[in-house]
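Q: Handing you a structure now.
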Amino acid sequence: MRVTMDIGTVEERAGPRQFGPKDDMPEEYRKAATRMIQFHANSEIMGAYLERPFIRQAPSLDRKLAFSAKVQDEIGHGQLLYRAAENLGIKTRKQMLDELANGEGKFLNCFHYPMDHWWETPMIGFFVDGAAMRRQATLKNTSWEPYAHAMDKICFEEGFHIKHGESILRELATGSRKEQELVQEAFDEWWPRILQFFGPTDDQSTHHDFASAVGLKTMGNDELRQAFLNAYLPKARKYGLEIPEYPRIHEHNDGRYEVVEDDLDWNEFWQVAKNDFEPGVAQIDSRKAAREAVAWVRESMETPSAGSSAGGVPGAAD
Amino acid sequence: MIWEVFRQEARGKYHTHCGNVHAPDKEMALMFAQIQHGRRRPTHSLWVVPGEEIGEVDAEETTFGGTTDKSYRWAMTFNTDEDFAEEIAASQREQEQAERADRAGESDEDEADETATGAEATEEGESA
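Chains as they are written, first to last, in numbering that gives the first Met the number 0: chain V, 0 to 317; chain P, 0 to 127.
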């Protein structure tokens, strides 16, 4: 007879890779883990869609190959994570993909903003992915074992993504004067969003306490943002990027950075978080359209005998 | 009936293939697997899978990837520094290990072990 573990026991036993599909976890744990992993999976998918156009727009064959490999990796990460979430028994993969299509599924703030130009790509490829990597490395120690296993493979692959992103940044930053100006403009635009990547400070974060008490999260937003700034602010400076005056960042004597929270646009952040931000809605809808256009591929896999006549005229993703 | 056996050394680690047993049903297969594969080495869990349920395609029937130049998808290709962030250095170390294993023609099992070792290295390095 299996008895559902009570929260007290969960908190007591919480540690790296402590719980798996064989454990009868309380609903509160399963819901919290589902929320977290679904968000992560959705972000992988939406990030991949944001970068996909640059397989075509990349200026060289090497960059095209790297971008196509990267986009393929990110879609794969999404799939790994949906499997890890599905194991919790709260939602199926189909439900989560449907929620992403109909605008209920939540995902990272940075992926709600359109990316139109090549010189913007290091903002995602280096800074946002770098921030994500900081966070993901800590999640190798999450208490939900399938999540940690997904993270092993994701972190294995992610090193290439970030070095590729930095390589593009370096190329632009050491390029023509025009390229340097354009990359600075992109940085000015993306920097505040990147600072908001780790969300509001811990005392304002709604889900932090429970997630950390049961070992799902091993590091708080504040600590992660600190760790990110320690590594990536010097990098921005190294490439001659000027850190915008606002939001103000105070550097304390002990090397700690403090971002002046009030200088950031939290109204926009919460609008983004609720999927109400117009450019983000456009991105959700364009992914939805791509997904619907290739529904016939999925249908023909489920029922090969139906042939291509089942879905009318076969469409393409773009 | 043949059952393939997968052993997990400790909680949180991967189940890796370790051999097979003859048994008339799942229950007996689990018992034989325990006796053959769970007694000498530390074991946290065993899986048994009917051998005939496992699909296989091998290098004689198809051409797998991994033989053409895919250097564009390895961290080592990009000569920016990786040491400014421990998690990036760890990712690259794991990729270097996997590449060495590929060259040496090691089995998938060894690769899985190496990846797991890399994961532990990252955990230790994270406090930095």
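Glycine is no exception: its CB is placed at the ideal position from the N, C-alpha and C atoms. Keep in mind the model is a prediction, meaning the values are calculated, not measured.
At what residues does the beta strand (DSSP E) containing P/R6 begin and finish?
A: Unbroken beta strand (DSSP E) run through P/R6: 1-7.
Q: Taking the C-alpha atoms as reference points, what is the distance between V/L76 and P/A22?
A: Here residue 76 of chain V turns out to be His, not Leu, going by the sequence shown. Taking the straight line joining both Cα atoms gives about 37 Å.
Q: Terminal residues of the continuous beta strand (DSSP E) containing V/E257?
A: Where V/E257 is concerned, the enclosing beta strand (DSSP E) stretches over 256-258.
Q: How big is the Cα-Cα spacing for V/D128 and V/Q78?
A: Near 18 Å, if we compare the C-alpha coordinates of V/Q78 and V/D128.
Q: My understanding is that V/K105 touches V/A272, with C-beta atoms under 8 Å, so please give their C-beta distance in whole angstroms.
A: At roughly 7 Å, the Cβ-Cβ gap stays under 8 Å, so V/K105 and V/A272 are in contact.
Q: Can you give me the Cβ contacts of V/A316 inside the same chain, cut-off strictly under 7 Å, excluding the 5 residues immediately before and after it?
A: The residues are A289, A292, V293.
Q: Leaving out the 5 sequence neighbours to the left and right, which residues in its chain are closer than 8 Å to V/A281 when beta-carbon positions are compared?
A: P113, listed in sequence order.
Q: Return the first residue and the last residue of the beta strand (DSSP E) that P/T15 is part of.
A: Its beta strand (DSSP E) spans residues 14-21.
Q: Tell me whether the beta-carbon of V/F155 lies closer than 8 Å to the beta-carbon of P/Q94.
A: For V/F155 and P/Q94, yes; Cβs fall inside 8 Å.
Q: Between which two residues does the alpha helix (DSSP H) harbouring V/E85 extend?
A: 60-85 is the span of the alpha helix (DSSP H), which, as asked, contains V/E85.
Q: Helix, strand or coil for V/H116? Go by DSSP, reduced to three states.
A: The answer is coil: DSSP assigns V/H116 none of H, G, I, E or B.
Q: With 9 Å as the C-beta to C-beta threshold (strictly closer), list the residues of the segment 75-88 of chain P near chain V in chain order.
A: Result list: M75, T76, F77, N78, T79, D80, E81, F83, A84, E85, E86, I87, A88.
Q: Going by the beta-carbon positions, is the gap between V/M122 and V/L138 smaller than 8 Å?
A: Contact flag unset, no.
Q: Within 10 Å of its beta-carbon, does P/K69 have 16 or more other beta-carbons around it, so buried, or fewer, so exposed?
A: P/K69 comes out exposed.
Q: Among the candidates V/E98, V/T173, V/Q56, V/A84, whose CA atom is the shortest distance from the CA of V/D115?
A: When each option's Cα is compared against that of V/D115, the closest is V/Q56.
Q: For P/N19 and P/E3, I'd like the C-alpha separation in whole angstroms.
A: Using only the alpha carbons, I get a separation of about 4 Å.
Q: Would you report the Cα separation of V/P303 and V/P313, rounded to the nearest angstrom?
A: V/P303 and V/P313: Cα-Cα distance of roughly 14 Å.
Q: For a contact defined as C-beta to C-beta under 9 Å, what are the partners of P/W2 on chain V?
A: Chain V residues near P/W2: none, gap ~19 Å exceeds 9 Å.
Q: Just the Cα atoms here: how many angstroms apart are P/A100 and V/I6?
A: When rounded, the distance between both Cα atoms is 43 Å.
Q: May I ask which residues mark the beginning and end of the beta strand (DSSP E) holding V/I248?
A: That run of the beta strand (DSSP E) goes 248-250.
Q: Is P/T62 near the ligand SAH, in the sense that its beta carbon is under 7 Å from a heavy atom of that ligand?
A: By its list of ligands, the structure shown contains no ligand whatsoever, and the ligand SAH lies outside what it can speak to.
Q: Is V/Y81 closer than 8 Å to V/A32 when the C-beta atoms are compared?
A: No, they are not a contact pair.
Q: Taking 8 Å as the threshold (C-beta atoms), are V/W118 and V/A185 in contact?
A: Yes, the Cβ-Cβ distance between V/A185 and V/W118 is below 8 Å.
Q: Are any of the Cβ atoms in chain V nearer than 8 Å to that of P/W73?
A: Yes, because at least one Cβ of chain V sits closer than 8 Å to the Cβ of P/W73.
Q: Three Cβ pairs or more, each shorter than 8 Å: is that satisfied between the segment 188-204 of chain V and the segment 253-272 of chain V?
A: The segment 188-204 of chain V vs the segment 253-272 of chain V: in contact.
Q: Please name the residue, chosen from V/N229, V/F227, V/D221, that lies closest to V/E260 on a Cα-to-Cα basis.
A: Of the listed residues, the one whose Cα sits closest to V/E260 is V/D221.
Q: Which whole runs of the beta strand (DSSP E) in the segment 18-90 of chain P are 3 residues long or more, in chain order?
A: Runs found: 44-49.
Q: Identify, in the order they occur along the chain, each residue of the same chain with its Cβ nearer than 8 Å to the Cβ of V/R247, setting aside the five sequence neighbours on each side.
A: Once the five neighbours on either side are set aside, the close Cβ partners of V/R247 are V258, V259, D262.
Q: Are the C-beta of P/E128 and some C-beta of chain V separated by less than 8 Å?
A: The shown model of chain P, from 0 to 127, leaves out residue 128 of chain P, and the question about it has no answer.
Q: Just by C-beta distance, which residues in the segment 74-89 of chain V are closer than 8 Å to chain P?
A: So the list is empty, because no residue satisfies the distance condition.
Q: Which of the three DSSP states is assigned to V/F18 in this structure?
A: If DSSP states are grouped into helix, strand and coil, V/F18 belongs with the strands.
Q: Compare the Cα-Cα distances from P/A89 to each of V/P15, V/L107, V/L99, V/E157 and report the closest residue.
A: Per the Cα distances, V/E157.
Q: For a contact meaning CB atoms closer than 9 Å, what does P/Q33 contact in chain V?
A: In chain order: nothing, as chain V lies at least about 16 Å away.
Q: Report the neighbours of V/E157 on chain P: residues whose CB is nearer than 7 Å to its CB, in chain order.
A: Result: S90.
Q: For a cutoff of 8 Å on Cβ pairs, would you count P/G64 as touching chain V?
A: For P/G64, the answer is no, since every Cβ of chain V falls outside 8 Å of its Cβ.
Q: Just to confirm before moving on: does the CB-CB distance between V/R134 and V/L215 stay below 8 Å?
A: No, they are not a contact pair.
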